[in-house]
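**Student:** Provided herewith is a single structure, encoded as structure tokens, for subsequent inquiry.
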Amino acid sequence: MKKIELALHEDFSTVTELRNVIAEICRRLEFDKQDIYHIKSAVDEAFINIIQHSYKNKTGDVKIELDADDKKVTIRIMDWGEPLDKTHLRRSSLSDIINEQKEHGLGLLMIERLMDKVKYVRRKKTNTLIMVKRRKEKLHERSRRT
Amino acid sequence: MKEAEELKITQTITGDKQKIAILNLHGYLDSNTSPLLKERFLSLDSQTHCFVLDFSDVEYVSSAGWGVILGRIKDYRDKGGDIVFVRMNREVASVYELLELNKVMKHFITIQEAVHYFSGEHK
């Protein structure tokens, strides 16, 4: 088990560096290229959601923990802003977004589609988004079992 | 650490009866850069409602990037136009499919195919 913690106190401009750091960590954890893209995208979306909705476009503290083993990586993203508005959990459909000419509403949908498990917890003024990405089974491991 | 991840957009207007804007996007389409694409759409509004987005040099697209595109589609389709994609890389295409954007938008292998779509040959 490998555990990595990142502490941030920043704004939108940090998202580029954050994506690069997450991608580099996932490369070292030997995730494949597509999974790395999905994990950094999910972290990007979660981070932007925190800045826009939890901290209302102001700066604030964000803590990211990554726990990785040979089967999966679990990412916990914590902030101490406003609780997640439950109406944001009601996902917009693509046709709603197109017909209502909305430019927002895809972030949570993206996180759910890109990651294997997603859970939001609010406890003692701390928002925690827990996301799990399972590793793709390597071909040689699959063939070894058959 | 990489330098800032930017977006550059170059455009070509083609077509005789039907003007088609081919936008070549280069770089990263995210919350920082997506306003550039929105500005480009708006600046071309008086010329065309038909857009080919050449994604061959796009490294990354966040929900803000997809959102700017989805936010324009209805308006363009109502006016007889559309937005289509060309040449997404594997990673960007994987998100395009996971979001099921492939059910509501078109993705072509070549710019020529995309232009033919607007000129009515495949419509």
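So the protein lines, in turn, are chains A and B. Going by the numbering used here, the final residue of the first sequence carries number 146, and the count climbs one at a time with no gaps. Going by the numbering used here, the final residue of the second sequence carries number 1123, and the count climbs one at a time with no gaps. Even glycine gets a Cβ: it sits at the ideal position worked out from N, Cα and C. Being a predicted model, the structure only gives us computed values, none of them experimental.
#1: Any idea if glycine 1120/B is buried or exposed, counting beta-carbon neighbours within 10 angstroms, 16 or more meaning buried?
#2: Count the other CB atoms within 10 Å of the CB of leucine 8/A; is the residue buried (16 or more) or exposed (fewer)?
#3: At 4 residues or longer, what runs of the alpha helix (DSSP H) sit wholly inside the segment 101 to 133 of chain A?
#4: Would you identify the three-state DSSP class for aspartate 79/A, choosing helix, strand or coil?
#5: In whole angstroms, what is the alpha-carbon distance linking serine 41/A and leucine 1023/B?
#6: List, in order along the chain, the chain A residues whose C-beta lies closer than 7 Å to that of arginine 1040/B?
#7: Can we say the segment 1106 to 1120 of chain B touches the segment 1079 to 1088 of chain B, given the rule of at least three CB pairs closer than 8 Å?
#8: Give me the subset of the segment 32 to 50 of chain A whose CB atoms are less than 9 Å from a CB atom of chain B, sorted by chain position.
#9: Any chance the segment 68 to 82 of chain A sits against the segment 1055 to 1063 of chain B, with 3 or more Cβ pairs inside 8 Å?
#10: Against chain B, does arginine 113/A count as a neighbour if the rule is that its beta carbon must be under 7 Å from one of theirs?
#11: Using a Cβ-Cβ cut-off of 7 Å, state whether histidine 9/A counts as contacting chain B.
#12: Find the residues of chain B that neighbour leucine 106/A, judging by a C-beta separation of less than 8 Å, and give them in chain order.
#13: Leaving out five residues on either side along the sequence, give the residues of the same chain with a beta carbon under 6 Å from the beta carbon of threonine 1012/B.
#14: Quick one: is serine 1056/B near chain A, going by C-beta distance under 7 Å?
#15: If you reduce the DSSP assignment to three classes, tell me which class leucine 66/A lands in.
#16: Considering only residues of the same chain and omitting the five flanking positions on each side of arginine 27/A, which have a CB-CB separation below 8 Å?
#17: Secondary structure at threonine 16/A, three-state DSSP: helix, strand or coil?
#18: By Cβ distance below 8 Å, which residues in the same chain neighbour leucine 1025/B in space, the five residues on each side in sequence not counted?
#19: With a 10 Å radius around its C-beta and 16 neighbouring C-beta atoms as the bar for buried, classify lysine 133/A as buried or exposed.
#20: Applying the criterion that 16 or more other CB atoms from any shown protein chain within 10 Å of the CB defines a buried residue, is valine 62/A buried or exposed?
#21: Could you give the distance in angstroms between the alpha-carbon of lysine 3/A and the alpha-carbon of isoleucine 39/A?
#22: Take glutamate 103/A as the anchor and find which of Ala1064/B, Gln1018/B, Val1104/B has the nearest alpha-carbon.
#23: Relative to the ligand FAD, is the shortest distance from any of its heavy atoms to the C-beta of valine 43/A smaller than 6 Å?
#24: Quick check on cysteine 26/A: does DSSP put it in helix, strand or coil?
#25: Taking its Cβ as the centre, do 16 or more other Cβ atoms sit within 10 Å of asparagine 57/A, making it buried, or is it exposed?
#26: With DSSP as the reference, please indicate the residues paired to glutamine 1011/B in a beta bridge.
#27: Taking the alpha-carbon of leucine 1070/B as reference, which of Tyr55/A, Glu82/A, Leu108/A, Ile97/A has the nearest alpha-carbon?
**Tutor:** Taking the structure as given:
#1: Glycine 1120/B should be labelled exposed.
#2: The residue is buried, with at least 16 neighbouring Cβ atoms inside 10 Å.
#3: As summarised for the segment 101 to 133 of chain A, the continuous alpha helix (DSSP H) elements at least 4 residues long and confined to that stretch are 107 to 114, given in chain order.
#4: Strand at aspartate 79/A.
#5: Using only the alpha carbons, I get a separation of about 24 Å.
#6: Those do not exist, as arginine 1040/B stays about 15 Å from chain A at its closest Cβ, beyond 7 Å.
#7: Touching, per the Cβ criterion.
#8: Listed by position along the chain: Lys33, Gln34, Ile36, Tyr37, His38, Lys40, Ser41, Asp44, Glu45, Ile48.
#9: Judged by Cβ distances under 8 Å, the segment 68 to 82 of chain A makes no contact with the segment 1055 to 1063 of chain B, as fewer than three pairs qualify.
#10: Chain B, which has a Cβ nearer than 7 Å to the Cβ of arginine 113/A, makes this yes.
#11: Under the Cβ distance rule, histidine 9/A does not count among the residues neighbouring chain B, no pair being separated by less than 7 Å.
#12: The answer, in chain order, is Ser1063, Trp1066, Gly1067, Leu1070, Leu1099.
#13: Counting only Cβ-Cβ distances below 6 Å, and skipping sequence neighbours, we find Ile1022.
#14: False, the Cβ-Cβ gap to chain A never drops below 7 Å.
#15: Note: leucine 66/A maps to strand in three-state DSSP.
#16: For arginine 27/A, where only same-chain residues beyond five positions count, the Cβ hits under 8 Å are Ile36.
#17: Three-state DSSP puts threonine 16/A in a helix.
#18: Cβ neighbours of leucine 1025/B beyond the five flanking positions: Leu1007, Lys1008, Ile1009, Leu1037, Leu1053, Asp1054, Phe1055, Asp1057, Val1058.
#19: By the 16-neighbour rule on beta-carbons within 10 angstroms, lysine 133/A is buried.
#20: Flag for valine 62/A reads buried.
#21: Cα atoms of lysine 3/A and isoleucine 39/A: separation of roughly 16 Å, rounded to the nearest angstrom.
#22: It is Ala1064/B.
#23: As presented, the structure is devoid of all ligands, the ligand FAD included, so that no description of it is given.
#24: The three-state secondary structure of cysteine 26/A, taken from DSSP, is helix.
#25: Asparagine 57/A should be labelled exposed.
#26: Per DSSP, the beta bridge partners of glutamine 1011/B are Leu1023/B.
#27: For leucine 1070/B, the nearest C-alpha among the options comes from Ile97/A.
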